[in-house]
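In the numbering used here, the protein residues as written are 971 to 1479.
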């Protein structure tokens, strides 16, 4: 399992690094003003629907179902099942795309009501949304193909696909002079990347068993089981996206730049979520589904426990850094061109608020895998909806005093409630044992993270004056020094607390 995690995590890391390069260009060209806010609304809308219909609900329902049919009834039956789901998916997404194109103005009034005070910004947001929305259709098919490949133990192309989004946007932004504006260049980059990702996944799947084809939708036992899982999963994914929609809606009423601060802080926060949380969860779900299908319940529990340990080992350094030196990070990453140091400070404060919930953000995919692998998508929904209710209530309560920082903090609190409820439900159902073998390593990880955080804070406070004389690349140099120092301190702490034998056993396990 470790090799597959590193495959997914490595490609995801490359995606995040190219994503940062893309965001650096975005920040320099668009800055944090009205045009940037209009683009980020246009970019968020198809991504919200993608999270509901593709990567969220669909993956949770399809991967265990396809793994079960593939393992129990053979490849031919699994292909027929995939053909039927493909036909349904394509038709439903075409209908959604048509509705989105026709009713974009009405959707903009609902989802970005703050833009009504600026007709030009509203018009631009509508134009850009109509360009970006077909990306949803393409990325939904990419998700289907990726799920099939993952069950076949092929993870590379699905993990690498998002790299093409970053490359495509960088290319169109570099040619912004040939578009009506920089916002249009970025929007066309999103759409072009959808085609590139589709052809990458379609080519890989065509080489390893063939693409799904149109098939009459027949409600056999497999399809009915898929829909039984899809319904609750969709409700759960919609609940999470309601909270994100609330961010978008509320932020449009805040001063210009609030949406951009949320975007850039979230981009940094998504680095550990994608490279660690999603990568491990992507590998864990088919692994647990395969073991449970074979009756290996102890092996499934052991896989989940290793996933928790890997997640905490790699994620806690990000928590320490985001909480102690967030402004240095955002200045080094984005403060150039049209993106000012004040913009970086706003993004840094927002990043620290997101970091409060980073542990549940990265652990939730591995936590819910124990239910999804058993085709139980209903139980995680209960936890998700309660977390969302608290999240939205806190957003309303905090936004007046904390602006976009309050939105991020509410998201973090909601994530903790979601995770704690999922873990509680798993323990009650005896899917998870919260025993010494799990709690003792977690406590040691937290100690190592606390030591790292203290070292980073001290180095930033007392080492900053020594870099004050640098006229160029001051923040970049400070961040590089902190990364090197942090790596030494954290690795030393882990070795001191755990010993080499534990690390070797974790890798072998």
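Backbone N, C-alpha and C define an ideal beta-carbon position, used for all residues, glycine too.
| field | From 1201, 1467, 1369, residue whose alpha carbon lies closest to that of residue 1417 | value | The count along the chain shown starts at 1 and reaches residue 1417 at position 447. Closest by alpha carbon: 1467.
| said: Going by beta-carbon coordinates alone, are residue 1067 and residue 1106 separated by less than 8 angstroms? | reply: Taking the chain shown and counting its residues from 1, one reaches residue 1067 at position 97. Taking the chain shown and counting its residues from 1, one reaches residue 1106 at position 136. Contact flag set, yes.
| query | Hey, out of 1156, 1190, 1130, whose CA is closest to residue 1167's CA? | reply | Your numbering for residue 1167 matches position 197 in the chain shown. Closest option to residue 1167, Cα to Cα, is 1130.
| Quick one, which of 1422, 1449, 1420, 1442 has its alpha-carbon nearest residue 1433's? | Along the chain shown, one-based indexing puts residue 1433 at 463. Comparing Cα positions, the closest option is 1449.
| Counting only runs that start and end within the stretch 974–1014, where is the alpha helix (DSSP H) found for 4 or more residues in a row? | none
| field | Inter-residue CB distance, residue 1007 and residue 1238 (contact presumed, cutoff 8 angstroms) | value | In the chain shown, counting from the first residue as 1, residue 1007 sits at position 37. In the chain shown, counting from the first residue as 1, residue 1238 sits at position 268. Not quite, the Cβ-Cβ distance comes to about 18 angstroms (not below 8 angstroms), so this is no contact.
| field | Whole runs of the alpha helix (DSSP H) within the stretch 1089–1157, excluding any shorter than 4 residues | value | 1089–1102, 1104–1121, 1126–1144
| task | Tell me whether residue 995 is buried or exposed, calling it buried when 16 or more other Cβ atoms sit within 10 Å of its Cβ. | result | By one-based count along the chain shown, residue 995 stands at place 25. With 16 or more other Cβ atoms within 10 Å, it is buried.
| query | Using the rule of at least 16 other Cβ atoms within 10 Å of the residue's Cβ for burial, across every protein chain shown, is residue 1123 buried or exposed? | reply | Translated into the one-based positions of the chain shown, residue 1123 becomes position 153. Exposed.
| field | Endpoints, the alpha helix (DSSP H) within which residue 1410 is located | value | The count along the chain shown starts at 1 and reaches residue 1410 at position 440. Segment 1406–1433, the alpha helix (DSSP H) holding residue 1410.
| message | For a test of the three-state rule: what should DSSP assign to residue 1447, helix, strand or coil? | response | As a working mapping, residue 1447 is identified with position 477 in the chain shown. Here residue 1447 sits in helix by DSSP.
| task | Within its chain, find whatever has a CB closer than 7 angstroms to the CB of residue 1320; leave out the 5 residues flanking it on each side and keep chain order. | result | The sequence position of residue 1320 within the chain shown is 350, counting from 1. Taken in chain order, the residues that qualify are 1231, 1232, 1235, 1374, 1375, 1378.
| request: Determine, using beta carbons only, whether residue 1277 and residue 1250 come nearer to each other than 8 angstroms. | output: On the chain shown, residue 1277 is found 307 positions in, with the first residue counted as 1. On the chain shown, residue 1250 is found 280 positions in, with the first residue counted as 1. Closer than 8 angstroms, so yes.
| task | Return the Cβ separation of residue 1171 and residue 1116 in integer angstroms, given the expectation that the two are a contact with Cβ distance under 8 angstroms. | result | Translated into the one-based positions of the chain shown, residue 1171 becomes position 201. Translated into the one-based positions of the chain shown, residue 1116 becomes position 146. Sure, about 6 angstroms apart at Cβ, within 8 angstroms.
| query | Of the residues 1184, 1318, 1293, which one's Cα is nearest the Cα of residue 1302? | reply | Translated into positions along the chain shown, residue 1302 becomes position 332. The option with the nearest alpha carbon to residue 1302 is 1318.
| How about residue 1356 and residue 1397: do their beta carbons lie closer than 8 angstroms? | Counting from one through the chain shown, the residue named residue 1356 turns up at place 386. Counting from one through the chain shown, the residue named residue 1397 turns up at place 427. Not a contact, by the Cβ cut-off of 8 angstroms.
| query | Is the distance from the Cβ of residue 1259 to the Cβ of residue 1038 below 8 angstroms? | reply | As a working note, residue 1259 is residue 289 in the chain shown. As a working note, residue 1038 is residue 68 in the chain shown. Contact: yes.
| task | Consult DSSP for residue 1401 and reduce its assignment to one of helix, strand or coil. | result | Along the chain shown, read from residue 1 onward, the residue named residue 1401 stands at position 431. Note: residue 1401 maps to coil in three-state DSSP.
| Whole-angstrom Cβ separation of residue 1314 and residue 1300, contact assumed at under 8 angstroms? | If you number the chain shown from 1, residue 1314 lands on position 344. If you number the chain shown from 1, residue 1300 lands on position 330. Indeed, because the Cβ distance is near 4 angstroms, the residues count as touching under 8 angstroms.
| request: May I ask you to report which of helix, strand or coil DSSP gives residue 1271? | output: In the chain shown, residue 1271 corresponds to position 301, counting from 1. Helix.
| request: Look at the Cβ atom of residue 1339, then the Cβ atom of residue 1255, and state whether they are nearer than 8 angstroms. | output: Against the chain shown, residue 1339 aligns to sequence position 369. Against the chain shown, residue 1255 aligns to sequence position 285. Cβ distance < 8 angstroms, so residue 1339 and residue 1255 count as in contact.
| field | Rounded C-alpha distance that separates residue 1143 from residue 989 | value | Here residue 1143 corresponds to residue number 173 of the chain shown, with the count starting at 1. Here residue 989 corresponds to residue number 19 of the chain shown, with the count starting at 1. Straight-line Cα distance between these residues: approximately 13 angstroms.
| field | Minimum C-alpha distance to residue 1243 - residue among 1265, 1327, 1331, 1310 | value | Position 273 of the chain shown, counted from the start, is the residue given in the question as residue 1243. Ranking 1265, 1327, 1331, 1310 by Cα distance to residue 1243 puts 1331 first.
| query | According to the Cβ coordinates, are residue 1286 and residue 1149 closer than 8 angstroms? | reply | The sequence position of residue 1286 within the chain shown is 316, counting from 1. The sequence position of residue 1149 within the chain shown is 179, counting from 1. It is not a contact, given that the beta carbons lie outside the stated cut-off.
| query | Could you give the distance in angstroms between the alpha-carbon of residue 1049 and the alpha-carbon of residue 1349? | reply | Taking the chain shown and counting its residues from 1, the one referred to as residue 1049 is at position 79. Taking the chain shown and counting its residues from 1, the one referred to as residue 1349 is at position 379. Rounded to the nearest angstrom, the two C-alpha atoms are 29 angstroms apart.
| Local conformation of residue 1179 per DSSP, three classes | As a working mapping, residue 1179 is identified with position 209 in the chain shown. Residue 1179 falls in the coil class under three-state DSSP.
| task | Using only alpha-carbon positions, find the residue among 1240, 1400, 1252 that is nearest to residue 1327. | result | The residue you call residue 1327 lines up with position 357 of the chain shown. The candidate whose alpha carbon is nearest that of residue 1327 is 1240.
| query | Under 8 angstroms, do residue 1052 and residue 1347 count as touching if we go by C-beta distance? | reply | Within the chain shown, numbered from 1, the residue matching residue 1052 stands at position 82. Within the chain shown, numbered from 1, the residue matching residue 1347 stands at position 377. Cβ distance not < 8 angstroms, so residue 1052 and residue 1347 don't count as in contact.
| query | Hey, which unbroken runs of the alpha helix (DSSP H) at 4 residues or more fall wholly within the stretch 1277–1318? | reply | 1296–1304
| query | Quick one: is residue 1071 buried, meaning 16 or more other Cβ sit within 10 Å of its Cβ, or exposed? | reply | For this step, residue 1071 is matched to residue 101 along the chain shown. Looking at its Cβ environment, which holds fewer than 16 other Cβ atoms inside 10 Å, residue 1071 is exposed.
| said: Alpha carbons only, please: which of 1201, 1273, 1221 is nearest the one belonging to residue 1401? | reply: Position 431 of the chain shown, counted from the start, is the residue given in the question as residue 1401. Of the candidates 1201, 1273, 1221, the one whose C-alpha sits nearest the C-alpha of residue 1401 is 1273.
| message | Relative to the C-alpha of residue 1453, which candidate in 1426, 1442, 1472 has its C-alpha closest? | response | Numbered from 1 along the chain shown, position 483 holds the residue referred to as residue 1453. The option with the nearest alpha carbon to residue 1453 is 1426.
| field | Residue range of the unbroken alpha helix (DSSP H) whose run includes residue 1231 | value | The sequence position of residue 1231 within the chain shown is 261, counting from 1. Element bounds for residue 1231: 1228–1242.
| Spatial distance of residue 958 from residue 1409 (CA atoms) | Residue 958 is absent from the model: the chain starts at 971 and stops at 1479.
| field | Buried/exposed call for residue 1428, threshold 16 Cβ in 10 Å | value | Sequence index remark: in the chain shown, residue 1428 carries index 458 (1-based). Per the 10 Å Cβ criterion, exposed.
| said: Do residue 1136 and residue 1252 count as a contact pair if the criterion is CB distance below 8 angstroms? | reply: Here residue 1252 is taken as the residue at index 282 of the chain shown, counted from 1. Here residue 1136 is taken as the residue at index 166 of the chain shown, counted from 1. The answer is no: Cβ separation not under 8 angstroms.
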